[in-house]
Amino acid sequence: MTQIDPPKGGKRLRLGTRGSPLALAQAHQIADGIRAASAGAYDCEIVAFTTTGDKLTTERLINSGGKGLFTRELDDALSRGELDLAVHSLKDVPSVLPPGQIFAAFPKREDPRDGFLSHGAKSIQDLPEGATLGTASLRREAQALALRPDLKVVTFRGNVATRMRKLEEGLADATFLAMAGLTRLGLSEVATPIPLEDMLPAAGQGIIGVVTRDDVDTELLEILGQLSHEPSRVAAIAERAFLEKLDGSCRTPIAAHLFDRGDEWQLIGEVLSPGGTTRWRGDGVCRKDATDAQLVLLGRAVAQEIIFAAKEALPVFGDER
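Take 1 as the starting number for the sequence shown in the UniProt record's numbering and just add one per residue.
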């Protein structure tokens with residue numbers, strides 16, 4: 001781990017993050033928010049980690065344990081008391097936190113859509129027959145093959161810059177990147193956003209999760225709470241409940257998003273077979289004033305709808321986990 005940004009004043013908080021440019025940008029966003037919300041009473045020492053997931057540059061996460069590979073080192077440091085906070089991209093966080101840890105804030109969600117990148121096509125439909133698609137996401141692979149079963153998929157791993165470089169080098173004709181990450185890095189113009197209805201994102205995509213220990217003092221918890229954005233917090237609860245019910249991991253293509261429908265929330269979720277040949281969708285709604293418990297029930301109900309519809313195929317998914 002590496003100290004990136006020493007505190008400038010106030011009570012010191014050790015804020016853990018991955019060391020990628022995107023993760024550091026998110027950590028600095030949280031550190032700036034804490035300084036502002038506490039009027040300088042707290043400041044952050046940003047501590048960067050190289051996680052197990054960061055060390056895997058060529059193989060898929062499913063071959064090395066699935067979800068949690070981008071959070072494990074931070075989880076352990078937080079539990080040992082070496083960190084006060086950990087900042088994560090929510091879609092990388094397993095559906096259940098380690099014992100003794102809680103979410104303290106969900107800042108405003110950035111663009112949750114996937115972005116399409118290609119030097120020769122404007123959309124996946126425009127790619128030539130048999131074109132090569134670079135991705136390490138089983139979800140994106142399955143969704144793309146559901147639209148274009150003729151595509152050839154190669155594994156693209158690495159941070160945003162690495163994947164963009166691989167595309168530039170001609171290792172694939174196209175790839176996908178999260179618009180949230182591109183926007184936070186000031187690179188949104190390099191991709192074409194894909195409508196949510198066309199490509200449902202990963203649960204929690206675009207949301208930052210700030211995690212701390214459950215014994216944190218009340219004053220700090222109140223300050224962190226000021227960083228939270230209520231619609232983003234609501235989405236995180238419902239989408240993660242959906243994921244937990246399905247035992248979601250990087251080993252199964254799963255997508256979910258909570259839509260704002262004016263007077264109510266609508267959760268749409270889907271599970272795909274690994275090659276995209278079959279997909280199951282479910283949806284449900286709840287009132288805008290729903291309690292956290294009701295949001296959890298919404299997520300579980302939509303997941304249960306899919307489990308019932310896919311009951312003949314679910315043993316296959318179970319074997320892959």
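Glycine included, every Cβ here is placed at the ideal spot set by N, Cα and C.
Out of the options, state which residue places its alpha-carbon closest to the alpha-carbon of residue i.
{"i": "I237", "options": "L167, A144, G204, P98", "result": "G204"}
{"i": "E110", "options": "A36, M179, L220, D92", "result": "M179"}
{"i": "L138", "options": "Q304, E189, T277, D173", "result": "T277"}
{"i": "E219", "options": "A39, D32, A27", "result": "A39"}
{"i": "T175", "options": "P112, A121, T17, T51", "result": "A121"}
{"i": "I46", "options": "A37, R35, A27", "result": "A27"}
{"i": "P195", "options": "F106, S123, R300", "result": "S123"}
Please work out which residues of its chain come closer than 7 Å, Cβ to Cβ, to residue i, disregarding the five sequence neighbours upstream and downstream, and give them in chain order.
{"i": "L243", "result": "S95, A203, I254, A256"}
{"i": "L22", "result": "N159, V160, G181, R184, L185"}
{"i": "F116", "result": "S123, I124, A174, F176, A191, T192, I194"}
When you compare only the Cα positions, how much space is there between residue i and residue j?
{"i": "H88", "j": "A146", "result": "30 Å"}
{"i": "R261", "j": "D114", "result": "21 Å"}
{"i": "residue 330", "j": "L177", "result": "Because residue 330 is not part of the residues shown, which for the chain are 1 to 321, the question remains open."}
{"i": "residue 332", "j": "F156", "result": "This structure cannot settle anything about residue 332, because the visible part of the chain is limited to 1 through 321."}
{"i": "A86", "j": "L15", "result": "6 Å"}
{"i": "A136", "j": "V154", "result": "8 Å"}
{"i": "P193", "j": "R80", "result": "40 Å"}
{"i": "C286", "j": "L295", "result": "8 Å"}
{"i": "A41", "j": "K11", "result": "6 Å"}
{"i": "A191", "j": "M164", "result": "10 Å"}
{"i": "H119", "j": "R140", "result": "19 Å"}
{"i": "A310", "j": "R35", "result": "48 Å"}
{"i": "L246", "j": "P112", "result": "21 Å"}
{"i": "T132", "j": "V216", "result": "48 Å"}
{"i": "E197", "j": "R148", "result": "17 Å"}
{"i": "R233", "j": "V93", "result": "15 Å"}
{"i": "L221", "j": "D76", "result": "20 Å"}
{"i": "E169", "j": "E189", "result": "19 Å"}
Report the three-state DSSP secondary structure of residue i (helix, strand or coil).
{"i": "I124", "result": "helix"}
{"i": "L13", "result": "strand"}
{"i": "residue 358", "result": "The first residue shown for the chain is 1 and the last is 321, placing residue 358 beyond what the model contains."}
{"i": "L177", "result": "strand"}
{"i": "V296", "result": "helix"}
{"i": "G33", "result": "helix"}
{"i": "S20", "result": "coil"}
{"i": "S188", "result": "helix"}
Less than 8 Å between the C-beta atoms of residue i and residue j, yes or no?
{"i": "R213", "j": "L78", "result": "yes"}
{"i": "L83", "j": "C44", "result": "no"}
{"i": "A265", "j": "A293", "result": "Per the sequence shown, residue 265 should be read as Trp rather than Ala. No, Cβ-Cβ distance for W265 and A293 is not below 8 Å."}
{"i": "A48", "j": "L69", "result": "no"}
{"i": "A235", "j": "L200", "result": "no"}
{"i": "L227", "j": "G33", "result": "yes"}
{"i": "L267", "j": "L298", "result": "yes"}
{"i": "L151", "j": "L167", "result": "no"}
{"i": "I30", "j": "I207", "result": "no"}
{"i": "V210", "j": "A37", "result": "no"}
{"i": "L171", "j": "G134", "result": "yes"}
{"i": "K91", "j": "H229", "result": "no"}
I'd like the list of long-range same chain contacts for residue i, defined as Cβ closer than 6 Å, with 5 residues on each side in sequence excluded.
{"i": "S20", "result": "N159"}
{"i": "G282", "result": "G269, V302, E305, I306"}
{"i": "L272", "result": "A142, P253, R279"}
{"i": "T51", "result": "R18, F70, E73"}
{"i": "G275", "result": "L145"}
{"i": "I102", "result": "D214"}
{"i": "R300", "result": "A241, K245"}
Once you ignore the five residues that flank residue i on each side, which residues in its own chain have a CB closer than 8 Å to its CB?
{"i": "K288", "result": "D263, E264, W265"}
{"i": "F308", "result": "none"}
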